[in-house]
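A.B. asks: Under my numbering, read the sequence shown as residues 59 to 263, first letter to last.
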Amino acid sequence: MKKFFFLAVLTALFVTAPASAQVKFGLKGGLNVTDMSLSQEVFDVENRAGFFVGPTLKVSLPISGLGVDIAALYDQRSAKVKDADETLEQQSVQIPVNVRLGFGVGSTVSAFVFAGPQFGFNVGKEEFNWKNKENYDETFQLKKSNISVNVGLGVTLMSHLQVSANYNIACGKTAEYDQSSSAKEAIKGIRARNNAWQIALAYYF
């Protein structure tokens, strides 16, 4: 069902592009650095590097400098829980739809800024369980889907190569944390957000 949804979104965006728009197909990949935040300080994490890769479309609209970038990316993010032998790993398919505004720098180089929503669907493990050093049972539960926002900038070289950097900001919780024991002070429903710094390289044919 998820695969059909991904195809439907990409097809709809492609078909509804203006007839005068220029469309380029490409491949995109890059580096994620997880920036996890919790609604309460219940444990510390070490950020780990991850990656993303997948096909992308670059739509240049008739309005000068304005365009839309669409992609379907396999995305992996992880963070190591301190004082526990557990790595929290999020594997998902991410569909970013970014509005791009370009500025001409020269005949072979142009700069751009971009922003837009990103729709994510979990395709990996959803629940992580471990015991902390006080012997409490801890559970980290990832949501099946999430929405985030991208804000970034980049450069295009020779009309084919694109380098960009952005911050991906989660809208609402992407996971929930519980700590349980026989004690009354058990913790429930701590919200977690898996934000990320991203550096990307794309090549358009």
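Glycine included, C-beta positions come from ideal geometry on N, C-alpha and C.
Could you tell me which whole beta strand (DSSP E) segments of length 3 or greater appear in the region 92 to 150?
C.D. replies: Counting only runs of 3 or more, we get 103 to 118, 124 to 129 and 131 to 139.
A.B. asks: Using CA atoms only, rank isn't needed, just tell me which of Q149, L115 and A169 is closest to V155.
C.D. replies: Comparing Cα-Cα distances from V155 to each of Q149, L115 and A169, the minimum goes to L115.
A.B. asks: In angstroms, rounded to a whole number, what distance separates the CA positions of V126 and S217?
C.D. replies: Their backbone Cα atoms lie some 15 Å apart in a straight line.
A.B. asks: Within the same chain, show all residues whose beta-carbon is closer than 6 Å to that of E185, passing over the 5 residues directly before and after it, in chain order.
C.D. replies: So the list reads Q199, once near-sequence residues are dropped.
A.B. asks: Per DSSP, which one or two residues make a beta bridge with F161?
C.D. replies: Paired residues: A169.
A.B. asks: Count Cβ pairs between the region 89 to 101 and the region 117 to 132 that sit closer than 8 Å; are there 3 or more?
C.D. replies: Result no; under three Cβ-Cβ pairs closer than 8 Å.
A.B. asks: Consult DSSP for T232 and reduce its assignment to one of helix, strand or coil.
C.D. replies: Coil.
A.B. asks: Sorted by chain position, which residues of the same chain lie with C-beta nearer than 6 Å to G178's C-beta, five sequence neighbours on each side aside?
C.D. replies: Only S150, Q152 and N204 meet the Cβ criterion.
A.B. asks: To the nearest angstrom, report how far apart L119 and F83 are at their CA atoms.
C.D. replies: Looking at the two C-alpha atoms, the distance is approximately 15 Å.
A.B. asks: Can you have a look at D133 and say buried or exposed, based on whether 16 or more other CB atoms are within 10 angstroms of its CB?
C.D. replies: Buried is the call here.
A.B. asks: Can you tell me the Cα-Cα spacing of F263 and N90, whole angstroms?
C.D. replies: Each residue's alpha carbon lies about 24 Å from the other.
A.B. asks: Rounded to a whole number of angstroms, what is the C-alpha to C-alpha distance between R251 and K231?
C.D. replies: Their Cα atoms are separated by approximately 5 Å.
A.B. asks: Which residue or residues does DSSP assign as beta-bridge partners of F83?
C.D. replies: F83 pairs with L115.
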